[in-house]
Amino acid sequence: AYRYWRSINVDHNCELALMYYQQAATYVASKITTASGLMVQRIHLQNEEEQQSTQNNILVDNNLLQYYQLLADRGDPQAQYGIGQLYYFRDAAYDKALYYFRLAAENGNINALAYLGKLYSEKNDFIKQNNQTALQFFQASAEKGNPIGQTGLGLAFYYGTGIEQNYERAFKLFQASAEKSYSEGQLMLGVMYYNGHGVRRDYNLAIKWFQAASHSGHVL
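So the working numbering is basically just the index in the sequence shown, starting at one, shifted up by 583.
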């Protein structure tokens with residue numbers, strides 16, 4: 584619904600957006616009991632297919648966070664992943680993000696595996712950087728076809744971070760990610776064509792993928 588409303592990788596269509604929002608509202612309403620005392624009005628948490636283009640647009644009514652916290656604590660992997668993203672993007676509470684991404688990953692959420700890789704590959708005050716651990720999570724998610732994991736693993740091969748530098752493998756991973764419309768993968772594919780790393784230099788293809796990344800919401 585959000586994609587159709589905001590024209591993210593699809594044509595703008597208010598009717599389809601309304602239809603999907605109604606389905607979501609019906610589902611949420613069916614989950615709420617009068618005993619819970621929880622009233623849901625508005626929330627946007629990224630789903631399995633959301634791209635980087637909306638990572639900075641996570642909308643949450645703080646009064647509603649309890650409801651999704653409840654779902655997460657009951658073992659819902661999508662809610663666990665969503666709560667993890669809130670802590671990661673909105674609050675920069677990386678220790679709490681780590682906790683919920685771990686729960687989500689243990690319950691089968693592939694995106695959470697990739698974000699565990701991101702947490703361990705980045706420097707922050709809560710989690711000690713560990714490139715080998717990051718690689719394990721990126722590899723696990725990439726093997727399942729996750730574009731975030733493919734890009735993370737591709738970056739490791741591109742820069743030689745925790746692993747021997749290999750432009751050819753990086754190119755294949757970025758290509759797989761880009762074909763799934765993941766903006767960072769599209770950007771890096773453009774970079775490789777621009778620099779001629781692991782592939783014949785081709786400015787036309789570089790521009791093509793830079794434009795694709797821009798259309799997918801990448802600010803660079």
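Cβ coordinates follow ideal geometry from the N, Cα and C atoms, glycine included.
Going by the CB atoms, is the gap between Phe720 and Gly743 shorter than 7 Å? A distance of 7 Å or more separates the beta carbons of Gly743 and Phe720.
Rounded separation between Asp656 and Lys679 - CA only: 13 Å
As assigned by DSSP and simplified to three states, the class of Tyr765: coil
Of the choices Ala676, Tyr664, Tyr677, whose alpha-carbon is the least far from that of Glu689? If we check each option's Cα against that of Glu689, Tyr664 comes out closest.
Tyr786, buried or exposed, once every other Cβ within 10 Å from all chains shown has been counted against 16: exposed
Host alpha helix (DSSP H) of Leu669 (start-end): No alpha helix (DSSP H) holds Leu669; DSSP gives it neither H nor E.
Look at the alpha carbon of Glu804 and the alpha carbon of Leu601, and state the distance between them as a whole number of angstroms. As displayed, the chain neither begins before 584 nor continues past 803, which places residue 804 out of reach and without an answer.
Could you check whether the region 723-734 touches the region 702-712, counting it as contact only if at least three pairs of C-beta atoms, one from each stretch, sit closer than 8 Å? no
Quick one: what's got a C-beta closer than 6 Å to Ala795's C-beta in the same chain, skipping five residues either side? Gln769
If we count the other Cβ atoms within 10 Å of its Cβ and call it buried at 16 or more, is Gln661 buried or exposed? The residue in question, Gln661, is buried, as its Cβ has 16 or more Cβ neighbours within 10 Å.
Other residues of its chain near Gln722: CB distance less than 7 Å, five sequence neighbours each side excluded: Annotation for Gln722: Leu736 place their beta carbon closer than 7 Å to its own, counting only its chain and skipping 5 residues before and after.
Roughly how far, in whole angstroms, is the beta-carbon of Phe740 from the beta-carbon of Ala753, given that I think they are within contact range, below 8 Å? Right, the Cβ-Cβ distance comes to about 4 Å (below 8 Å), so this counts as a contact.
For Ala789, report the span of its alpha helix (DSSP H) as first-last. Going by DSSP, Ala789 is part of the alpha helix (DSSP H) stretching over 786-798.
Are Ala687 and Asn729 close, meaning C-beta to C-beta below 7 Å? no
Can you give the Cα-Cα distance for His595 and Tyr765, rounded to whole angstroms? Between His595 and Tyr765, the C-alpha separation is close to 19 Å.
Kindly indicate which three-state DSSP category Gln733 falls into: helix, strand or coil? helix
Could you check which residue in Asp674, Phe672, Tyr683 has the C-alpha nearest to that of Leu653? Tyr683
When the Cα atoms are used, what is the spatial distance from Tyr670 to Glu767? 21 Å
Helix, strand or coil for Gln748? Go by DSSP, reduced to three states. Coil.
Please state whether DSSP places Gln719 in a helix, a strand or coil. helix
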